[in-house]
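A.B. asks: Under UniProt numbering, the first residue of the sequence shown is numbered 1, with each subsequent residue one higher.
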Amino acid sequence: MHPASFFLYLYYEYINRFFPFFRPTSGLSLPYLGSHYLKSKTHTMALFLSLCIALLFSFCHGLANAAIPPPPLDGLVENGDFEEAPAKSNLNKTVIIGKHSLPKWEINGLVEYVSGGPQPGGFFLAIPRGAHAVRLGNEASISQILTVKPGSVYALTFGATRTCAQDEVLKVSVPGQSSDLPLQTLYSSDGGDTYSLAWKATSKAVKVTFHNPGVQEDPSCGPLLDAIAIKELPPLKRTIGNLVKNGGFEVGPHVFKNFSTGILIPAKQQDLISPLPGWIVESLKPVKYIDKKHFFVPSGFAAIEMVAGRESAIAQVIRTIPNKFYNLTFTIGDAKNACHGSMMVEAFAAKETVKAPYVSQGKGGSKTASLRFQAISDRTRITFYSAYYHNKMHDYGHMCGPVLDDVRVFPTH
Numbered sequence: 001m002h003p004a005s006f007f008l009y010l011y012y013e014y015i016n017r018f019f020p021f022f023r024p025t026s027g028l029s030l031p032y033l034g035s036h037y038l039k040s041k042t043h044t045m046a047l048f049l050s051l052c053i054a055l056l057f058s059f060c061h062g063l064a065n066a067a068i069p070p071p072p073l074d075g076l077v078e079n080g081d082f083e084e085a086p087a088k089s090n091l092n093k094t095v096i097i098g099k100h101s102l103p104k105w106e107i108n109g110l111v112e113y114v115s116g117g118p119q120p121g122g123f124f125l126a127i128p129r130g131a132h133a134v135r136l137g138n139e140a141s142i143s144q145i146l147t148v149k150p151g152s153v154y155a156l157t158f159g160a161t162r163t164c165a166q167d168e169v170l171k172v173s174v175p176g177q178s179s180d181l182p183l184q185t186l187y188s189s190d191g192g193d194t195y196s197l198a199w200k201a202t203s204k205a206v207k208v209t210f211h212n213p214g215v216q217e218d219p220s221c222g223p224l225l226d227a228i229a230i231k232e233l234p235p236l237k238r239t240i241g242n243l244v245k246n247g248g249f250e251v252g253p254h255v256f257k258n259f260s261t262g263i264l265i266p267a268k269q270q271d272l273i274s275p276l277p278g279w280i281v282e283s284l285k286p287v288k289y290i291d292k293k294h295f296f297v298p299s300g301f302a303a304i305e306m307v308a309g310r311e312s313a314i315a316q317v318i319r320t321i322p323n324k325f326y327n328l329t330f331t332i333g334d335a336k337n338a339c340h341g342s343m344m345v346e347a348f349a350a351k352e353t354v355k356a357p358y359v360s361q362g363k364g365g366s367k368t369a370s371l372r373f374q375a376i377s378d379r380t381r382i383t384f385y386s387a388y389y390h391n392k393m394h395d396y397g398h399m400c401g402p403v404l405d406d407v408r409v410f411p412t413h
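1. What is the rounded straight-line gap between the Cα of Cys164 and the Cα of Thr94?
2. At a cut of 8 Å, does the region 336–344 reach the region 311–324 through at least three beta carbon pairs?
3. Is the beta carbon of Asn327 less than 8 Å from the beta carbon of Arg129?
4. If I follow the unbroken beta strand (DSSP E) through Trp199, where does it start and stop?
5. Which value, in whole angstroms, describes the spacing of the CA atoms of Ala308 and Pro286?
6. For the structure I just gave you, are there three or more beta carbon pairs, one from the region 181–192 and one from the region 98–109, closer than 8 Å?
7. Taking 8 Å as the threshold (C-beta atoms), are Ile230 and Leu170 in contact?
8. To the nearest angstrom, how far is it from the Cα of Asn391 to the Cα of Gly365?
9. What residues match up with Tyr389 in a beta bridge as DSSP calls it?
10. Buried or exposed for Lys288, please, with buried defined as at least 16 other CB atoms from any protein chain shown within 10 angstroms of its CB.
11. Taking buried to mean at least 16 other C-beta atoms within 10 Å of its own C-beta, is Ala236 buried or exposed?
12. Which residue's Cα is closest to the Cα of Ala160: Ala201, Ser152, Asn212, Glu139?
13. For my contact list, Pro275 and Pro253 are in at a C-beta cut-off of 8 Å; report their separation, rounded to the angstrom.
14. Does the region 317–334 come close enough to the region 396–413 to have 3 or more Cβ pairs within less than 8 Å?
15. Measuring only the C-alpha atoms, how far is Arg319 from Phe410?
16. Can you tell me which of Thr383, Glu352, Val77 puts its alpha carbon nearest to the alpha carbon of Val317?
17. If you drop the 5 nearest sequence neighbours on each side, which residues of the same chain put their C-beta closer than 6 Å to that of Asp395?
18. In terms of alpha-carbon separation, which member of Phe210, Leu125, Leu91, Asp378 lies closest to Ser178?
19. Use the C-beta contact count for Thr370: other C-beta atoms within 10 angstroms, 16 or more gives buried, fewer gives exposed.
20. Label Val206 either buried or exposed according to how many other C-beta atoms from any shown protein chain fall within 10 Å of its C-beta, with 16 as the threshold for buried.
21. Under the three-state reduction of DSSP, which class applies to Leu404: helix, strand or coil?
22. Just list the residues that DSSP pairs Ala349 with in beta bridges.
23. So, under 8 Å CB-CB, Tyr187 and Leu264 are touching, yes? Tell me the CB distance rounded to an integer number of Å.
24. Judging by CA-CA distance, which residue of Tyr385, Ala356, Gly248 is the nearest neighbour of Val281?
25. With DSSP collapsed to three states, give me the class of Lys341.
26. Which residues bound the beta strand (DSSP E) around Gly333?
27. Suppose you measure from the CA of Gly362 to the CA of Thr202; what does that come to, to the nearest Å?
28. Using 10 angstroms around the beta-carbon of Ile304, count the other beta-carbons present and answer buried if the total reaches 16, otherwise exposed.
29. Assuming Ile290 is part of the beta strand (DSSP E), what are its boundary residues?
30. To the nearest angstrom, how far is it from the Cα of His413 to the Cα of Lys324?
31. Which ranges does the beta strand (DSSP E) cover as unbroken runs of at least 3 residues, wholly within the region 72–100, from first to last along the chain?
32. Flag this pair as yes or no: are the beta carbons of Ser152 and Glu84 separated by less than 8 Å?
33. Are the beta-carbon atoms belonging to Pro266 and Leu197 less than 8 Å from one another?
34. Mapping the DSSP letters down to three states, classify Ile107 as helix, strand or coil.
35. Between Lys367 and Gly248, what straight-line distance do the alpha-carbon atoms span, to the nearest angstrom?
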């Protein structure tokens, strides 16, 4: 029954049951009876209660039909895992024929639809998150239009790796912003490198493009993409008693559920929008965002693994009062990923520094460290980096390092 009809039914039942003398009689209309009985306070109350009920039902009906805002984006983009294949008629061996032949994507140039495993010519393609991926040939690109909310910050998470020993670059673009990712260094030996980039939406529709800007001598080379996801990053909230924003690294990019070797947050030489809100990766190499499901995390859902020694540094600028003393505390450990050896995290704040050693057995563990410093201005930069380089115990092609978590700064008295 339609809500309006149901309301009318309840309305007349209410009048008939509690005010039977107000029921219409033959030849008389409700307006006539209403004006006839308005002289009585009882009937005035009946009309008032009827009006209240009418307004209540109308309000509830309006709420039920109000537009419910969609939940924040957090998952694969359409056909982001490339498991929806092109039609066989649109494939020439592995090469996709036709601009719109890859479902949900627009392609330009030579784009291949490949499967994991041994390839012609002796190559082996590792596709850890599924069975299929795309390879971008010289000057080739794929793009998709995403529906977003203007003013919100979004982070892309995508699996990308080189397929040859040559120096390969992947260019990721949104309107008004682009980033070139060098893929020469492999941080995981199974082809599971995952990256994240962030931007602020300026319109409701954003075209995201993945482009291979290089021209390789070997046409079988080119960056491999095997999974693409998006996440809307919520605004940061200040933590009472902590001057550090996102000190536990709880706000970060989308993490793939079925497989993760961590997410590489590329270096930024200036304070651009970061997929790790509040933090700046100010070194030459990335830091790795790790989650509790796939790694050991000292506290909360996520942490940072510093995987490139002194080339992997992370920093944040906090508000301070000149000449006032503060305590910086943080937790270090290992990610339970067979990364063993003597580790050391160095931390800097104002003019002070501390070296925090940690001996890792690669089985998960942590310890806390602290540093007392005196602010010299109204802005203080705190910086962390790993003093040494590390590899997994039985996999020297897999770079790793100490874990950083639960960073706090508070004034001392």
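Backbone N, C-alpha and C fix where the C-beta goes; we use that ideal spot for every residue, glycine too.
If you're wondering where the values come from, they're calculated on a predicted model, not measured in any experiment.
C.D. replies: Quick look at the numbers:
1. Taken atom to atom, the span from the alpha-carbon of Cys164 to that of Thr94 is near 17 Å.
2. Contact between the region 336–344 and the region 311–324 is absent, because fewer than three Cβ pairs lie under 8 Å.
3. No, the Cβ-Cβ distance between Asn327 and Arg129 is not below 8 Å.
4. Trp199: member of the beta strand (DSSP E) spanning 194–200, first to last residue.
5. Ala308 and Pro286: Cα-Cα distance of roughly 7 Å.
6. The region 181–192, when compared against the region 98–109, does not touch it at the 8 Å Cβ threshold.
7. Contact flag unset, no.
8. Going by the C-alpha atoms only, they are around 17 Å apart.
9. Per DSSP, none; premise fails for Tyr389.
10. With 16 or more Cβ atoms within 10 Å of its Cβ, Lys288 is classed as buried.
11. Note that residue 236 is Leu in the sequence shown here, rather than Ala. With a threshold of 16 other beta carbon atoms within 10 Å, Leu236 falls short and is exposed.
12. Selected option, being the one with the closest Cα: Asn212.
13. Confirmed, Cβ separation roughly 4 Å.
14. A contact exists between the region 317–334 and the region 396–413.
15. Distance from the CA of Arg319 to the CA of Phe410, rounded to the nearest whole angstrom, comes to 11 Å.
16. If we check each option's Cα against that of Val317, Thr383 comes out closest.
17. Cβ neighbours of Asp395 beyond the five flanking positions: Ser189.
18. For Ser178, the closest alpha carbon among the candidates Phe210, Leu125, Leu91, Asp378 is that of Phe210.
19. Residue identity differs from the one stated: residue 370 is Ser in this sequence, not Thr. The residue in question, Ser370, is exposed, as its Cβ has fewer than 16 Cβ neighbours within 10 Å.
20. Buried is the call here.
21. If DSSP states are grouped into helix, strand and coil, Leu404 belongs with the strands.
22. In the DSSP output, where bridge partners are listed per residue, Ala349 has Glu352, Ile382.
23. With a Cβ gap of about 6 Å, Tyr187 and Leu264 count as contacting.
24. Of the candidates Tyr385, Ala356, Gly248, the one whose C-alpha sits nearest the C-alpha of Val281 is Tyr385.
25. According to the sequence as given, residue 341 is Gly; it is not Lys. If DSSP states are grouped into helix, strand and coil, Gly341 belongs with the strands.
26. Following the DSSP letters along the chain, one finds Gly333 inside the beta strand (DSSP E) bounded by residues 325–334.
27. For the pair Gly362 and Thr202, the Cα-to-Cα distance works out to about 44 Å.
28. By the neighbour-count rule (16 or more Cβ atoms within 10 Å), Ile304 is buried.
29. Run containing Ile290: 287–291, per the beta strand (DSSP E) assignment.
30. When the Cα atoms are used, His413 and Lys324 turn out to be separated by approximately 9 Å.
31. The qualifying runs are 74–76.
32. Result no, Cβ atoms of Ser152 and Glu84 do not sit closer than 8 Å.
33. In this structure, Pro266 sits near Leu197, with a CB-CB distance shorter than 8 Å.
34. Secondary structure at Ile107: strand, using DSSP grouped into helix, strand and coil.
35. Cα to Cα, Lys367 sits roughly 15 Å from Gly248.
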